[in-house]
Amino acid sequence: MAMTCKIVFVLACLTVLVKAQRPFYAGLSAIGYPEVDSVGLSNRFGEDERAPIEAKGDRNLVNRLNSLPIDNRPFWFINWEAYENLRKNPQTYPQRPNSFINNN
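In this text, residue positions in the sequence shown follow UniProt numbering: the first is 1, and each later residue adds one.
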């Protein structure tokens, strides 16, 4: 009887120590990266078409600015087009071989 009480006491102490490591309000999932949606914030309304921030989502404004000659377009629009071209075709550089590694 005394031996079973000791075993139950030790198991209860171990259970308390294990449960005390993570509070109940912290959730049951493991600590690490948070779960994220597959749809990003930029596409939360279902729009895939890119537009400058200054246009505030007005696609008609973007179409009207595209119909203007380049001399009459606002600078923010020309700048946005240039940045979009850079995003589509990023400049990459070849990596040099590491001189510290012996390639024999």
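Glycine residues also receive a C-beta, built at the ideal position from the N, C-alpha and C atoms.
Coarse secondary structure for residue i, derived from DSSP in three states
i: Thr-4; result: helix
i: Ser-67; result: helix
i: Ile-101; result: coil
i: Tyr-93; result: coil
i: Ala-51; result: coil
i: Ala-20; result: coil
Residue j beta carbon less than 8 Å from that of residue i
i: Glu-54; j: Trp-76; result: yes
i: Leu-59; j: Ala-51; result: With the sequence shown as reference, residue 59 is identified as Arg, and Leu is not the correct amino acid for it. Yes. Within cutoff.
Close-in-space but distant-in-sequence residues of the same chain around residue i (CB under 6 Å, 5 per side omitted)
i: Leu-68; result: none
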